[in-house]
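Colleague: My questions all concern the structure below.
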Amino acid sequence: HEGGTTCVRYSADGSLLASAGIDGIVRIWSMPDEKLRHVLKGHDSDVNRIEFSPDGSRLASASDDGTVRLWDVATGKPGHVLRGHPRRVFEVVWSQDGRRLASAGDGEGIRFWDAESGTLIKTLHAIEVSAMGLWPVTGRLVSVERSRRIRVFDFEQPLQIALYDAAHTRPVEKIAFADD
12 HEGGTTCVRY
22 SADGSLLASA
32 GIDGIVRIWS
42 MPDEKLRHVL
52 KGHDSDVNRI
62 EFSPDGSRLA
72 SASDDGTVRL
82 WDVATGKPGH
92 VLRGHPRRVF
102 EVVWSQDGRR
112 LASAGDGEGI
122 RFWDAESGTL
132 IKTLHAIEVS
142 AMGLWPVTGR
152 LVSVERSRRI
162 RVFDFEQPLQ
172 IALYDAAHTR
182 PVEKIAFADD
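Take 12 as the starting number for the sequence shown in the working numbering and just add one per residue.
Listed below in structure tokens is the structure:
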């Protein structure tokens with residue numbers, strides 16, 4: 012990547028590696044032979060986050076250009092372009108079944124998308140997200156706000172089902188879960 016790499020992700024089975032950069036390009040590599048399979052172009056600015064769908068067939072990329080793009084991993088062809096964020100998008104999370112996506116950007120709340128049609132399902136405003144992740148045991152979306160609140164959402168509805176005030180003294184920037 013020219014200028015630097017912003018995000019790297021392995022597919023769930025470890026057979027693919029995707030990388031994103033400030034050049035607005037996403038690359039997909041096969042592993043372990045490290046051969047470049049696809050160069051995905053479409054974003055007009057930095058790509059901040061990439062995530063493989065649970066079955067590994069699609070890749071979502073979130074960018075400073077305000078879009079989330081979906082890509083076919085096998086062919087490298089573009090799919091839906093999810094528009095609705097007025098500014099940069101820095102988080103994207105797939106639902107467990109790969110039918111939905113959640114995205115977040117600068118002070119814009121969380122947007123829930125139908126990944127099959129590319130349709131916006133719902134926007135939850137007034138949430139300043141600093142990180143999001145999928146809670147694997149429950150299939151629920153968890154977000155952390157800059158105010159250090161933790162919110163739990165049902166991906167299907169989508170509805171907030173819990174709110175916690177975290178005891179952190181500094182902002183939380185990442186979320187990780189154990190498989191159990």
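Glycine residues also receive a C-beta, built at the ideal position from the N, C-alpha and C atoms.
Look at residue 116 and residue 80 and say whether their C-beta atoms are less than 8 Å apart.
Modeller: Result no, Cβ atoms of residue 116 and residue 80 do not sit closer than 8 Å.
Colleague: If you draw a straight line from the alpha carbon of residue 61 to that of residue 30, how long is it in whole angstroms?
Modeller: Their backbone Cα atoms lie some 8 Å apart in a straight line.
Colleague: Curious, which full-length beta strand (DSSP E) runs of at least 3 residues does the segment 50-127 contain?
Modeller: Here the runs fully enclosed are 58-63, 69-74, 78-83, 89-94, 100-105, 111-116, 121-125.
Colleague: Rank 44, 110, 98 by C-alpha distance to the C-alpha of residue 168 and give the top, closest one.
Modeller: Here the closest residue by C-alpha is 110.
Colleague: Name, in chain order, the residues that DSSP records as bridge partners for residue 190.
Modeller: Paired residue(s): none; residue 190 is not in a bridge.
Colleague: Nearest to residue 170 by CA position, among 133, 85, 114, is which residue?
Modeller: The residue with the shortest Cα to Cα distance from residue 170 is 133.
Colleague: Are the segment 28-47 and the segment 61-76 touching by the rule of at least three beta carbon pairs closer than 8 Å?
Modeller: The answer is yes - the segment 61-76 touches the segment 28-47, with three or more Cβ pairs under 8 Å.
Colleague: One question on the structure: do residue 112 and residue 100 come within less than 8 Å of each other, judged by their Cβ atoms?
Modeller: Cβ atoms of residue 112 and residue 100: not closer than 8 Å.
Colleague: Under the assumption that residue 41 contacts residue 51 (Cβ atoms under 8 Å), give the Cβ distance between them as a whole number of angstroms.
Modeller: Going by Cβ atoms, the distance from residue 41 to residue 51 rounds to 15 Å, so no, they are not a contact pair.
Colleague: Excluding the 5 residues preceding and the 5 following residue 158 in the sequence, name in chain order all residues of the same chain whose CB lies nearer than 8 Å to its CB.
Modeller: For residue 158, where only same-chain residues beyond five positions count, the Cβ hits under 8 Å are 139.
Colleague: Considering Cα atoms alone, identify which of 16, 96, 56 is closest to residue 119.
Modeller: Considering only alpha carbons, the answer is 96.
Colleague: Hey, would you say residue 166 sits closer than 8 Å to residue 128, going by beta carbons?
Modeller: For residue 166 and residue 128, no; Cβs fall outside 8 Å.
Colleague: Grouping DSSP H, G and I as helix and E and B as strand, with all else coil, what is residue 37?
Modeller: In the structure shown, residue 37 sits in a strand (DSSP, three-state: E or B).
Colleague: Rounded to a whole number of angstroms, what is the C-alpha to C-alpha distance between residue 82 and residue 123?
Modeller: C-alpha separation (whole angstroms): 18 Å.
Colleague: Output needed for residue 161: all residues of its chain with C-beta closer than 6 Å, excluding positions within five of it in sequence on either side, in chain order.
Modeller: Counting only Cβ-Cβ distances below 6 Å, and skipping sequence neighbours, we find 155, 175, 177.
Colleague: With a threshold of 8 Å on Cβ separation, who are the neighbours of residue 147 within its own chain once the five nearest residues in sequence on each side are excluded?
Modeller: Hits under 8 Å: 107, 188, 190.
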